[in-house]
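**Q** Each residue of the sequence shown is one higher than the one before, counting from 1 in the UniProt record's numbering.
One structure coming up, written as structure tokens, with questions to follow.
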Amino acid sequence: MASKFRRGWPIFVVATLLAIIAWLSQVDGLMVAAGWLLLVLSIFAIRIGSAAVANAPAKEVVAEEADEQPLDEVVTAYRALDIPILILSSDATVLYHNPAAERALGEFEVGSHLSARLRSPGILDMVRDTVATGEPNQMEHSERLPSERVYILRIAPLLEEGAPVGSSRFYVLSFRDISELRRLDRMRSDFVANASHELRTPLASLRGFIETIQGPAKGDAKAQEKFLGIMLDQATRMSRLVDDLLSLSRLELKSHIAPDQRVDLVPVVAHVRDALLPLANDLGVDIRLHLPEGKVDVIGDRDELVQVVENLIENACKYGQEGEVVDVHLTKQEGQPVEFSVVDRGPGIPAEHVPRLTERFYRVSVADSRSKKGTGLGLAIVKHILTRHRARLIVKSEIGKGTTFTVRF
Numbered sequence: 001m002a003s004k005f006r007r008g009w010p011i012f013v014v015a016t017l018l019a020i021i022a023w024l025s026q027v028d029g030l031m032v033a034a035g036w037l038l039l040v041l042s043i044f045a046i047r048i049g050s051a052a053v054a055n056a057p058a059k060e061v062v063a064e065e066a067d068e069q070p071l072d073e074v075v076t077a078y079r080a081l082d083i084p085i086l087i088l089s090s091d092a093t094v095l096y097h098n099p100a101a102e103r104a105l106g107e108f109e110v111g112s113h114l115s116a117r118l119r120s121p122g123i124l125d126m127v128r129d130t131v132a133t134g135e136p137n138q139m140e141h142s143e144r145l146p147s148e149r150v151y152i153l154r155i156a157p158l159l160e161e162g163a164p165v166g167s168s169r170f171y172v173l174s175f176r177d178i179s180e181l182r183r184l185d186r187m188r189s190d191f192v193a194n195a196s197h198e199l200r201t202p203l204a205s206l207r208g209f210i211e212t213i214q215g216p217a218k219g220d221a222k223a224q225e226k227f228l229g230i231m232l233d234q235a236t237r238m239s240r241l242v243d244d245l246l247s248l249s250r251l252e253l254k255s256h257i258a259p260d261q262r263v264d265l266v267p268v269v270a271h272v273r274d275a276l277l278p279l280a281n282d283l284g285v286d287i288r289l290h291l292p293e294g295k296v297d298v299i300g301d302r303d304e305l306v307q308v309v310e311n312l313i314e315n316a317c318k319y320g321q322e323g324e325v326v327d328v329h330l331t332k333q334e335g336q337p338v339e340f341s342v343v344d345r346g347p348g349i350p351a352e353h354v355p356r357l358t359e360r361f362y363r364v365s366v367a368d369s370r371s372k373k374g375t376g377l378g379l380a381i382v383k384h385i386l387t388r389h390r391a392r393l394i395v396k397s398e399i400g401k402g403t404t405f406t407v408r409f
């Protein structure tokens with residue numbers, strides 16, 4: 001379009017000169033008219049050319065700049081991606097990195113070699129192999145600092161349309177973060193290992209006592225009675241563990257579905273206290289209720305809230321037994337969230353253990369937990385229930401003074 005516009009100028013100049021000469025020479029009027037008509041047509045042609053240039057598609061203008069800056073369009077697209085992207089030259093020089101790469105991996109100096117930031121021999125070998133063969137490659141890579149992350153690195157040539165394989169001047173190195181997947185895999189493996197271990201211990205005990213009753217204690221009624229009592233305890237422990245595992249499984253299946261019933265917490269707390277009185281009496285613990293007058297309604301599932309209250313009060317009785325008193329508070333103030341708190345006066349929990357209390361099978365003291373017939377899943381169940389109820393569990397503990405578990409709805 002621009003060339004047509006430039007060719008219109010000579011016509012305009014010639015037409016103008018002819019029109020002026022015809023007018024000055026006083027030649028035939030028809031010649032004068034033809035000269036002025038040619039002048040008007042040349043002006044009209046120039047105006048059409050100018051409009052065509054102004055309305056020309058942007059891609060034709062960009063095409064002239066594409067040879068100078070072939071990465072502009074690609075860079076614009078990669079800038080919006082939330083995965084780290086590097087564009088490299090054939091000698092592994094960093095030509096571009098998007099903001100996600102800088103956030104995840106630190107600052108890359110454009111124009112520097114890739115090895116200045118990523119020193120892994122495996123990554124550098126992968127880049128060299130792709131440059132040599134023109135074939136994409138990928139590998140798994142771990143970063144330890146500033147935090148542990150795991151990435152799938154993939155490098156592929158950036159081929160221009162119609163270009164033959166192996167002729168690329170640019171290569172795209174991408175980082176797909178799989179840290180969360182690896183963490184979930186480890187959690188799943190740990191869960192299976194812990195569950196197997198918890199079941200293996202009582203099973204081994206049961207098998208040993210059965211063999212003893214069938215063998216050396218076959219005719220010893222007193223020994224059989226003793227062993228049968230231990231076997232009952234072990235079977236009960238396995239039953240509790242299986243029940244807790246099934247509860248966790250059910251909670252995970254419906255964790256995304258919020259409950260929609262209104263539940264009055266006052267009778268729930270009173271009911272749980274009455275159910276736990278025999279246990280509290282055996283442990284020498286006094287459960288004191290501090291309940292407001294009237295209803296304290298929350299949106300929830302009654303059976304699941306009973307499970308939460310029961311777990312927290314039972315734990316306070318067992319692990320805060322030394323304090324001899326467990327205070328249970330239910331508060332509802334105008335404009336404030338409903339809170340349910342269980343306060344014991346036991347030995348307290350060391351600060352380093354508090355963040356991990358709701359992990360499955362996590363125990364502050366394995367010996368204490370097993371001696372008190374705990375499964376290591378109680379607080380994990382509480383966390384899952386409260387997550388479904390959009391509530392929070394707050395733990396405050398001080399060594400020698402006791403622990404407070406607060407549920408804030």
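C-beta atoms are modelled at their ideal positions from N, C-alpha and C, and glycine is treated no differently.
Keep in mind that this is a model prediction, so the values were computed, not measured.
Only counting the same chain, and skipping five residues up and downstream in sequence, which positions put a Cβ closer than 6 Å to that of Leu291?
**A** Val266 and Leu330
**Q** Helix, strand or coil: which one does DSSP assign to Gly122?
**A** helix
**Q** From the DSSP secondary-structure annotation, give me the bridge partner or partners of Arg396.
**A** Sequence inspection shows Lys at residue 396; the Arg mentioned does not correspond to that position. Thr404.
**Q** Tell whether a beta-carbon distance below 9 Å holds between Ser239 and His384.
**A** no
**Q** Is DSSP giving Ala92 helix, strand or coil here?
**A** coil
**Q** Determine, using beta carbons only, whether Phe409 and Val338 come nearer to each other than 9 Å.
**A** yes
**Q** DSSP three-state call for Pro99: helix, strand or coil?
**A** helix
**Q** CA-CA distance, Ile313 and Thr375?
**A** 16 Å
**Q** Let me confirm a value: Leu187 is counted as buried when at least 16 other C-beta atoms fall within 10 Å, else exposed. Which label applies?
**A** Checking the displayed sequence, the identity of residue 187 turns out to be Met instead of Leu. Per the 10 Å Cβ criterion, exposed.
**Q** Rounding to the nearest angstrom, what Cα-Cα distance links Phe209 and Val364 in this structure?
**A** Straight across, the Cα-Cα distance linking Phe209 with Val364 is about 30 Å.
**Q** Which first and last residues belong to the alpha helix (DSSP H) in which Tyr319 is found?
**A** DSSP places Tyr319 in the uninterrupted alpha helix (DSSP H) bounded by Arg302 to Tyr319.
**Q** Which of the three DSSP states, helix, strand or coil, is assigned to Tyr78?
**A** helix
**Q** Can you tell which of Leu81, Ser89 and Leu88 has its C-alpha closest to the C-alpha of Arg103?
**A** Residue Leu81 is the option with its Cα nearest to Arg103.
**Q** Cutting at 7 Å between CB atoms, please list the residues of its own chain near Glu322, excluding the five before and the five after it.
**A** Gly346 and Pro347
**Q** For a test of the three-state rule: what should DSSP assign to Gln234, helix, strand or coil?
**A** Here Gln234 carries a helix assignment [DSSP, helix/strand/coil].
**Q** In whole angstroms, what separates the C-alpha of Ile83 from that of Pro121?
**A** Pro121 has its alpha-carbon roughly 22 Å from the corresponding atom of Ile83.
**Q** Hey, is Arg119's beta-carbon within less than 9 Å of any beta-carbon in chain B?
**A** Protein chain content of the structure displayed is limited to a single chain, and chain B is not contained in it.
**Q** How many angstroms separate the CA atom of Pro259 from the CA atom of Glu304?
**A** Cα to Cα, the separation comes out at about 10 Å.
**Q** Straight-line CA distance for Arg273 to Arg144?
**A** 49 Å
**Q** Go ahead and pull the three-state DSSP assignment for Arg176.
**A** strand
**Q** Can you tell me whether DSSP reads Ala275 as helix, strand or coil?
**A** helix
**Q** So Gln333 packs on Gly300, CB below 8 Å; how close in whole Å?
**A** Rounded, the Cβ-Cβ distance is 19 Å, inconsistent with contact.
**Q** So, is Pro57 buried or exposed, given that buried needs 16 or more other C-beta atoms within 10 angstroms?
**A** Confidence in Pro57 is poor, its pLDDT being 43 and thus under 50, which makes the residue's placement unreliable; the coordinate value appears in the next sentence. Flag for Pro57 reads exposed.
**Q** Tell me the residue span of the alpha helix (DSSP H) that contains Val325.
**A** Element bounds for Val325: not the alpha helix (DSSP H) but the beta strand (DSSP E), Val325 to Thr331.
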